[in-house]
Amino acid sequence: MKDMLVQVEPLIPALRRYARALMRNRASADDLVQDCLERAVSRWHQRRDGSVRAWLFTILHNLAADQFRQAASRGRHVPIEEAGERELSGAASQEHRLIYQDVLDKLARLPEEQRSVLLLVAVEDLSYAEAAKVLNIPVGTVMSRLSRARERLQQELDGTDGATGNVIEMRRLK
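Note that the numbering used here has the sequence shown beginning at 850, numbered continuously upward.
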């Protein structure tokens, strides 16, 4: 048990960060991390040799995917406490938070496959191989999804639609 605690405890902040980025709700993300840790503890004996970090992120990702599927069939639940006046208003001095929220909104517009790869590689600093293992996809797919995600996010941030992103303007020669 102590060995498990030594390996898992330092990874909790990264798991929370990834969960918050996926769930976009602090309470749901914390619940997801708790479910992940509970599953990891109960199945610690089943893990294979390799990265504990990748194993935990795989559990977290799969639990999130399950929740997304369930939410799609049930619809979204918003607790009344979260829809209060405090969340709907903000001081003008919160420009940094507004920019941050704008980036999160644009990140949320990415397809789930691209968003997951981008978060694992760029935010959680997993290698391509670790991200591929977490998502159960080939490394080449990780690289192409990451490239598309970065390009699409940049287009969203720049306010372009992507249609002119790869067009080279040619000038006429006489």
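Cβ atoms here follow ideal geometry from the backbone N, Cα and C, with glycine treated the same way.
For residue 923 versus residue 908, is the C-beta distance shorter than 8 Å? no
Using a Cβ distance threshold of 8 Å, determine whether the segment 881-898 contacts the segment 975-986, with at least three qualifying pairs required. no
CA-to-CA distance, residue 865 to residue 855, given in whole angstroms: 17 Å
Rounded to a whole number of angstroms, what is the C-alpha to C-alpha distance between residue 959 and residue 949? Approximately 16 Å, taken between the alpha carbons.
Taking residue 985 as part of the alpha helix (DSSP H), name the residues at either end of that continuous run. For residue 985, there is no enclosing alpha helix (DSSP H), as DSSP marks it with neither H nor E.
For residue 891, which of helix, strand or coil comes out of DSSP? Residue 891 sits in a helix when the DSSP states are folded into three classes.
If I follow the unbroken alpha helix (DSSP H) through residue 964, where does it start and stop? That run of the alpha helix (DSSP H) goes 961-967.
DSSP three-state label for residue 997, please. helix
For residue 956, name the three-state secondary structure that DSSP assigns. helix
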